[in-house]
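Notes follow once the structure below has been shown.
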Amino acid sequence: MFDTNGNRETVTYPLMTQSPNANPKPLRNSVKQALNSFLGQLDGQDPEELYELVLSEVEAPLLEEVMTYTRGNQTRAATMLGINRGTLRKKLKKYGMN
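Counting in our numbering, the sequence shown runs from 6 upward without gaps.
Quick look at the structure:
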């Protein structure tokens with residue numbers, strides 16, 4: 006977004022304005038906790054394609070929730086995600102959300 010002088014506006018989101026006692030990175034901490042739990046259940050085995058697994062486990066629900074939030078408006082969803090609409094369409098297709 007730009008202000009009337011053509012400068013970028015700073016957008017503040019509710020989760021970004023935390024109280025002093027709030028957890029500053031709740032999403033990151035949730036992912037770390039889930040990964041620790043997952044890795045702890047492997048019983049010494051090395052997982053294959055862990056990176057792709059983690060990305061798909063995070064990306065799919067992210068896309069689903071953003072598409073719900075935008076009521077299916079792909080242009081708005083792409084803007085929220087900071088990706089172009091073509092990339093969004095490819096990702097939606099990848100996860101069967103087209």
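Built from N, CA and C at the ideal position, the CB exists for glycine as well.
Contact set for residue i: own chain, Cβ-Cβ below 8 Å, skip 5 residues either direction
i, result
"L93", "L68, Q79, A82, A83, L86"
"R90", "Q79, T80, A83"
"L40", "V59"
Residue nearest to residue i in terms of C-alpha spacing, selected from the options
i, options, result
"Y56", "V36, V71, K95, Y74", "V36"
"V59", "R33, I88, K95", "R33"
"T73", "N103, G49, S61", "N103"
Close beta carbons around residue i, own chain, < 7 Å, minus the five adjacent residues each side
i, result
"I88", "none"
8 Å Cβ cutoff, residue i in contact with chain D
i, result
"V59", "This model lacks chain D altogether; it includes just one protein chain."
Taking one C-beta from the region 86 to 99 and one from the region 60 to 72 each time, how about it: are there three or more such pairs within less than 8 Å?
yes
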